[in-house]
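Below is one structure, written out as structure tokens; the observations come after it.
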Amino acid sequence: MTNLTKQVVIQHTGQTLSLRNRAFFVLVGILGVIVLITIHHIQNASGGPVWAIYALGGLSAALAVAGTMVFRLWLSSRVLGKALDRQTSDLIQANATLREEVSERRQAELALMHYKSHLEIQVKAGTCELQRSVADRRQAQDTLSEYHMALEASDDMVTVLDRSYIFRMVNDAFLKQRNTLREKIIGTSIVDAIGADAFHAIKPHLDACFQGESVEYEMMQENHTSGKRYLLVRYYPARSSSGRVDRVVSVIKDITAVKRAEQDRERVFSLSIDPICVADFNGYFKDINSAWTGLLGWSKEELLSIPWFSFVHPDDAAATEAINQELRQGRSVKDFRNRYVGKDGRTRWLEWNAIPDLEEELIYAVARDVTDQIKSQETIKLNEERLHSLLKLSQMSSVSDEKIRAYALEEIVRLTRSKAGYLHFVNEETNSLELVAWSKDVRKACQADKTRHYPLDKAGVWADSVRLRRPVIHNDFENVPDKKGMPEGHFPIRRHMSVPVMDDGRIVAVAGVGNKEAAYDESDANQLTLFMSSMWSIIKQKRAQQILKKYSMEDGLTGLANRRRFDEALENEWQRALREQQPLSLIMLDIDYFKEFNDIYGHQAGDDCLKKVAACLRKNVRRAGDLVARYGGEEFVVVLPNTDLEGAREVADAMNRTVRDMNLRHKGSHGRDHLTISAGVACGIPSRGHDPVKVLVKADQALYRAKRAGRDCVKQDSGVCRLDESAPAVQAAMQ
């Protein structure tokens, strides 16, 4: 309770108590009068002592006063309590009312503040809007002024017509072109300006624009001073505030220079020997020049109706698509090469420069046919490859004919960009072909029987080059007439080319290739002929060298290795034994009493005797490294690599028995009637710094010991010698 409330309660309570006090004193006075009257009557009635009566009366009055005071106090407390309760309730209600009033006042103040703030914002916004409106109006005025300046400065002729075809505005360019004044044009009809015929020609376009359409068209004017002029006319509808088109804005642009440039471009476009095109992003040509039809063989209508990607060679499809994506992203392309397939199936190489127009979604491109250039480059490359292959082929003299043929066949397949190849030898005596090689891919894929001999009259187109004695090309093998067919499982052939290989006018072989991606041509035939002729020359030379080498390494009479071949073999085996530290054995043999045999039976019989002995000796050597050679006259020598002394002795004994068992009659063989031989055996393990002559000397010494022992026997060295001069065995052998 506030201090103000307390003061109000005290003041009100005091007023209430003052009224109660006045009533109380009146009541006490009345009671006192009643008591005095009562005492007086009692005194009169009883006649008792006055003081007792007055004492009793005083006591009664005191009791009455006391009771009255008690009653007064009780009554006052009741009255005061009720008054306080009533006043408290009134004060609480007053306080609540006061609070509501305070709250309402505060809300009113807040509302006033909010309204004031809102009003300030509106005032500011209105001020800004007003400022903006003023600025916009100024900008609009500036823009309008700029538009007006631009309109007047424009080379395009601009006019505004109303629905009655009356000029409402024209710019300086129009006045200049018409050679008139503004005041003579504004307010006049377009019919008067251009004439009735010209008006009727353009009226449909104007009416379409008055219907709300934007119109654009080109027209040509004849001018006696400047000749033909080409104009681009655009009509734009101008609407009123009601939305109705009541004006048409006409913009006329002189495009004579552009048209003439387009005509010049069309002339270049049509006369260019290089393919030029315009294509869209959807993969179709929009326009092409005549070079395309000559290049690919398709008509212009066909080329425009088929997606250009269909003409791209399948092997170049991925690269072409990647370039197409770059063009779609706005990047230009320069010097891109790909192949196009013509109507006849021929492939042409094109080199491209292209520029995209993203707004129009068009690609402008010019190409150049570089097929001949690429073929020339490929020819140079092929010639280099062929020379490299021929060089390698010429260095293959040490390998077998089979390896030479296989290498040559794989190379011609590669050099002609083919998938298959074969080589036949021609036997003109038997009039047949002998298959000597297939390329490796054919060997893997072909499941047909491997027949190697073909009579020429049954060989079909395979033998055409033999019959015609010139190269034969079948680029459409499936439709070649007079085919004999192919056996089941044969490698499939789509294209085929074969050439004869000549040697002094004779056809010695037929080489063929097949399944090149492109068609075979004369250059392929030349490549094949040149390479296979070189192969044959190398094989022929190698065979001649082998024959010469054979003659230079063989004894002409016996067919055994001669002394030269023996020396080379001994040196080679000596070096191998040195590296491996293995024994090397030699056997020296001599025909017993051969001079007497010649004297008795003659030299021809002596030659036959040498041949027979050589054959007996050859029978007893079976390993690849073993060698029997005619050492000179009636002497022979045997080289036995990796053979110890005991093994060499066994071979020598076997040779001795074989000659004896031949039982060749020899009357001059002292004490015997048949031919015999004597042999000496030696074995050594090489060491560095020494040659095999020492082993040969030991074998020769052993041979002479056999002869001194009566011939027809084998003698051997005392043991395996290590050719180290410090070794006692070697020192003893050298003494």
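Counting in this note's numbering, the sequence shown runs from 2 upward without gaps.
The C-beta atom is built at its ideal place from N, Cα and C for all residues, glycine as well.
Around the C-beta of residue i, are 16 or more other C-beta atoms found within 10 angstroms, so that it is buried, or is it exposed?
| i | result |
| --- | --- |
| N414 | For the record, residue 414 in the displayed sequence is Val; it is not Asn. Buried, by the Cβ-count rule. |
| C617 | buried |
| V473 | buried |
| M2 | Because the pLDDT at M2 is just 48, under 50, the model does not fix this residue reliably, and the point stays unresolved. |
| T128 | exposed |
| I93 | exposed |
| Q528 | buried |
| E635 | buried |
| A733 | Summary for A733: the model assigns pLDDT 40, below 50, so the residue's position carries little reliability; its value from the coordinates is reported in the next sentence. Answer is exposed; the Cβ neighbour count stays below 16. |
| P693 | buried |
| Y116 | exposed |
| K737 | In the structure displayed, the chain extends from 2 to 736; residue 737 sits before or after that span and is not available. |
| E726 | Confidence at E726 is low in this model, with a pLDDT of 44, below 50, so its placement is unreliable and the value that follows should be read with caution. When all chains shown are included, E726 counts as exposed. |
| M498 | buried |
| S719 | exposed |
| L556 | The residue you asked about is not Leu; residue 556 is Asp in the sequence shown. It counts as buried. |
| D86 | exposed |
| G513 | buried |
| V644 | According to the sequence provided, residue 644 is Thr. The question's Val does not apply to it. T644 comes out buried. |
| A649 | buried |
Would DSSP call residue i helix, strand or coil?
| i | result |
| --- | --- |
| M533 | helix |
| E223 | strand |
| R709 | helix |
| E726 | Summary for E726: the model assigns pLDDT 44, below 50, so the residue's position carries little reliability, and this model does not support an answer. |
| C129 | helix |
| A368 | strand |
| D674 | coil |
| H314 | coil |
| A512 | strand |
| R100 | helix |
| Q528 | helix |
| V124 | helix |
| C714 | coil |
| V414 | helix |
| S679 | strand |
| R230 | strand |
| I187 | coil |
| A199 | helix |
| I494 | coil |
| Y552 | helix |
| L117 | Per the sequence shown, the amino acid found at residue 117 is Lys instead of Leu. Three-state DSSP puts K117 in a helix. |
| R347 | coil |
| R580 | helix |
| D91 | helix |
| S466 | helix |
| L561 | coil |
| K504 | Note that residue 504 is Asp in the sequence shown, not Lys. It is a strand residue. |
So which of the options has the shortest CA-CA distance to residue i?
| i | options | result |
| --- | --- | --- |
| R183 | H604, R169, W537, I195 | R169 |
| V682 | M656, H691, K596 | M656 |
| I588 | V511, N664, I678, K612 | I678 |
| L162 | V252, M221, H675, R79 | V252 |
| K716 | D504, C684, Q132, R340 | C684 |
| F567 | G626, S524, T530, D608 | G626 |
| S401 | S243, M220, N428, K543 | K543 |
| V367 | S271, T431, G422 | S271 |
| A409 | I122, F637, S538 | S538 |
| V437 | E403, N384, A460, R470 | E403 |
| I256 | T189, K551, E219 | E219 |
| T380 | T431, D525, L304 | D525 |
| L359 | R340, S333, G346 | S333 |
| N1 | D275, K695, A680, H604 | No information on residue 1 is available, as it lies outside the stretch 2 to 736 that the chain covers here. |
Does any residue of chain D bring its CB to less than 8 Å from the CB of residue i?
| i | result |
| --- | --- |
| R349 | In the structure shown, chain D cannot be found, because there is only a single protein chain. |
I believe residue i touches residue j by the beta-carbon criterion, under 8 Å. Please report the beta-carbon distance rounded to the nearest angstrom.
| i | j | result |
| --- | --- | --- |
| A1 | S273 | An answer regarding residue 1 cannot be provided, because it is not within the stretch 2 to 736 covered by the chain. |
| V500 | M533 | 7 Å |
| V614 | V509 | Contact doesn't hold; Cβ gap of about 40 Å is too wide. |
| C210 | V159 | In fact, because the Cβ distance is near 14 Å, the residues do not count as touching under 8 Å. |
| L558 | D522 | Not really, about 57 Å apart at Cβ, beyond 8 Å. |
| L579 | P687 | 4 Å |
| A174 | D157 | 6 Å |
| F282 | E362 | 5 Å |
Just list the alpha helix (DSSP H) runs in the stretch 592 to 666, keeping only unbroken ones of 4 residues or longer that don't cross its boundaries, in chain order. 595 to 602, 604 to 620, 646 to 663
Where in the stretch 235 to 308 do unbroken runs of the alpha helix (DSSP H), each at least 4 residues long, occur, reported from the N-terminal end onward? If one requires a minimum length of 4 residues, the alpha helix (DSSP H) runs lying completely within the stretch 235 to 308 are 257 to 272, 291 to 297, 301 to 306, in chain order.
What are the start and end residues of each continuous beta strand (DSSP E) run of 3 or more residues lying completely inside the stretch 382 to 434, in chain order? Runs found: 421 to 428.
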